[in-house]
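In our numbering, the protein residues as written are 25 to 383.
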């Protein structure tokens, strides 16, 4: 099993806990957030500055939509009231943005980024030798939402339930760039025995979804349910698809009510379950936000506090609700600790998880 307890590491952190951690680190300011905002050097650092918000996804992606809402409200809570600019940096499922943040971004707290959670786990369970960043060294500001991935299939597909995919071959579409659509499909093939045939002919998951609508493939895995149910709502309303399985640490309440099974119902051995836990763990921080390594601690804390206050901001909540963007935040310190714990998973479990992702 994995060396972390989900409830322990993802329990809500109070303002007083964060303030205590700040004091323990030797930063001499009061425990309350307003007092922190008055620390002269922190306020001076951000005054008159523009924070660049890099988004490791396309300009029209849900990642950019979240970033714009967060950035718009977050500046209200950063000492010195800086402005915020946004830059889309798509490429290799956020690997391009993560690599740039690690190696090129200035370490001054004036550059932050939204990245896909898969790039956090990739050096552990993917091809680390091909990557030039260490996720353990990023400074995590928090995550706006957890994710539940699903596998879907057309109504006329050979399998209408996930249990049937263990016996009936299914052609599954995925982005040729990799990412969740490819990785989730591979993990289910290796750790549950699903008889999937992976077709990576698409430039994006959105294009793969179009391929499904045009009967080019039977189904797709690795779709974020919160995004899919709004962007492809017509497929649900017209009852053109079946939802086969939930690929996540904890199921979505609405999907649970519909009886959509969890991936845990199909893993076969304790080691396979532990490997699957490792692979799905990053979905706890499904919308992560980072600063580069070696940003001074005072600035990191200022950004983390601003992020937490944004998550509680009434106007922010109203904005994302209108945009149908769910929010279930995890605080930066919790994400930081969970990433560290995941990277300490037993070597034989890491090896099994790596093998599950290999083609």
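Every residue gets a Cβ at the ideal spot worked out from N, C-alpha and C, and that includes glycine. Note that the structure is a prediction, hence the values are computed from the model and not measured.
Taking the alpha-carbon positions, what's the residue i to residue j distance?
i	j	result
residue 342	residue 89	14 Å
residue 136	residue 104	17 Å
residue 309	residue 102	22 Å
residue 241	residue 372	34 Å
residue 382	residue 367	19 Å
residue 345	residue 243	29 Å
residue 189	residue 224	19 Å
residue 77	residue 355	18 Å
residue 205	residue 174	10 Å
residue 337	residue 218	43 Å
residue 262	residue 279	17 Å
residue 83	residue 236	24 Å
residue 359	residue 195	35 Å
residue 260	residue 198	20 Å
residue 91	residue 79	7 Å
residue 209	residue 159	24 Å
residue 277	residue 250	12 Å
residue 187	residue 365	32 Å
residue 106	residue 281	44 Å
residue 213	residue 258	28 Å
residue 129	residue 191	49 Å
residue 351	residue 93	12 Å
residue 294	residue 229	31 Å
residue 284	residue 339	34 Å
residue 286	residue 274	8 Å
What distance in whole Å lies between the Cβ atoms of residue j and residue i, which are believed to be in contact at a cut-off of 8 Å?
i	j	result
residue 169	residue 311	5 Å
residue 165	residue 75	Rounded, the Cβ-Cβ distance is 11 Å, inconsistent with contact.
residue 334	residue 97	5 Å
residue 268	residue 185	6 Å
residue 322	residue 66	5 Å
residue 254	residue 167	Contact flag wrong, Cβ pair sits at about 19 Å.
residue 374	residue 270	Contact flag wrong, Cβ pair sits at about 24 Å.
residue 291	residue 216	6 Å
residue 147	residue 306	Going by Cβ atoms, the distance from residue 147 to residue 306 rounds to 12 Å, so no, they are not a contact pair.
Please list, in chain order, all residues of the same chain as residue i whose beta carbon is under 7 Å from its beta carbon, the five residues on each side excluded.
i	result
residue 377	149, 299, 302, 303
residue 139	80, 118, 121, 122, 312, 314
residue 233	244, 256
Quick one: what's got a C-beta closer than 6 Å to residue i's C-beta in the same chain, skipping five residues either side?
i	result
residue 318	131
residue 157	122, 123, 126
residue 163	315, 319, 324
residue 108	75, 77, 95, 99
residue 328	165, 356
residue 207	381
residue 177	242, 243, 266, 268
residue 114	81, 82
With DSSP collapsed to three states, give me the class of residue i.
i	result
residue 338	helix
residue 264	coil
residue 235	helix
residue 323	helix
residue 85	coil
residue 126	helix
residue 356	helix
residue 113	coil
residue 144	helix
residue 381	helix
residue 364	helix
residue 306	helix
residue 274	coil
residue 102	coil
Keeping to the same chain, check which residues put their C-beta closer than 8 Å to that of residue i; ignore five residues upstream and five downstream.
i	result
residue 288	297, 300
residue 73	104, 106, 107, 134
As an exercise, report each continuous alpha helix (DSSP H) stretch of at least 4 residues that is fully enclosed by the region 150-217, in chain order. At a cut-off of 4 residues, the continuous stretches assigned as alpha helix (DSSP H) that sit fully inside the region 150-217 are 186-189, 204-216.
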